Amino acid sequence: KKILILNGPNLNLLGVREKGIYGDQSFETYFEELKSQFPNLELSYFQSNSEGSLIDKLHEVGFSWDGIVFNAGAYTHTSVALGDAIAAINTPVVEVHISNVHQREAFRHQSYLSKNCKGIIVGFGLDSYRLAIDSFTK
Ligand code: DQA
2 KKILILNGPN LNLLGVREKG IYGDQSFETY FEELKSQFPN LELSYFQSNS EGSLIDKLHE
62 VGFSWDGIVF NAGAYTHTSV ALGDAIAAIN TPVVEVHISN VHQREAFRHQ SYLSKNCKGI
122 IVGFGLDSYR LAIDSFTK
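Start counting the sequence shown at 2; every next residue gets the next number (UniProt numbering).
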């Protein structure tokens, strides 16, 4: 199975930004661990800080790949366009968040993506990604 991990804005700074919330590991090193945990999956990783590039990527893989694990960062709480892009494609999307957004500011409680996602995994640190990928092995 072909699975894309899609990371949105500021997630290129994992391991550097707000370590108390997001931990001290870079996504690149975590991605190596993930690949070794799922030897039977074809895992790819793409990150962009720009909303349009994230939409283009959803369109590119969203009619042929088997699953998308999507952390849209702050665009989760602002982007009607990303929600529409998820609705437009066929590939199931699992929304993930590293932090438990429901324990944080009220503006992080709203997601424009959730309605169109297969499921949501929130608050398990980087392990949220592993749990989401695991859902595609079932
Ligand atoms: C996040 C939560 C968002 O509210 C925040 O803007 C992020 C990261 C998370 O993974 O916990 O950038 O999506």
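Heads up, the beta-carbon is just placed ideally off N, CA and C, and yes, glycines get one too.
In this text, all values refer to a predicted model and were calculated from it rather than measured experimentally.
Minimum C-alpha distance to phenylalanine 47 - residue among Leu15, Ser27, Gly9: Position 46 of the sequence shown holds residue 47. Distances from the CA of phenylalanine 47 to each of Leu15, Ser27, Gly9 were compared; the closest alpha carbon is that of Gly9.
Short Cβ contact (8 Å threshold) for leucine 7 with isoleucine 69: In the sequence shown, residue 7 corresponds to position 6, counting from 1. In the sequence shown, residue 69 corresponds to position 68, counting from 1. The answer is yes: Cβ separation under 8 Å.
What are the uninterrupted segments assigned as beta strand (DSSP E) that are 3 or more residues long and contained completely in the stretch 104-133, given in chain order? You should have 120-123.
In chain order, which continuous runs of the alpha helix (DSSP H) of length 4 or greater are located wholly inside the stretch 62-110? For the stretch 62-110, whole alpha helix (DSSP H) runs of length 4 or above, ordered along the chain, are 81-89.
When every heavy atom of the ligand DQA is checked, does at least one fall within less than 7 Å of the C-beta of asparagine 11? As a working mapping, residue 11 is identified with position 10 in the sequence shown. Yes, the ligand DQA has a heavy atom inside 7 Å of this Cβ.
Can you round the beta-carbon distance between serine 100 and tyrosine 23 to whole angstroms, since I take them to be within the 8 Å contact cut? Within the sequence shown, residue 100 is the residue found at index 99, counting from 1. Within the sequence shown, residue 23 is the residue found at index 22, counting from 1. Approximately 7 Å separates the beta-carbon atoms of serine 100 and tyrosine 23; this is inside 8 Å, confirming the contact.
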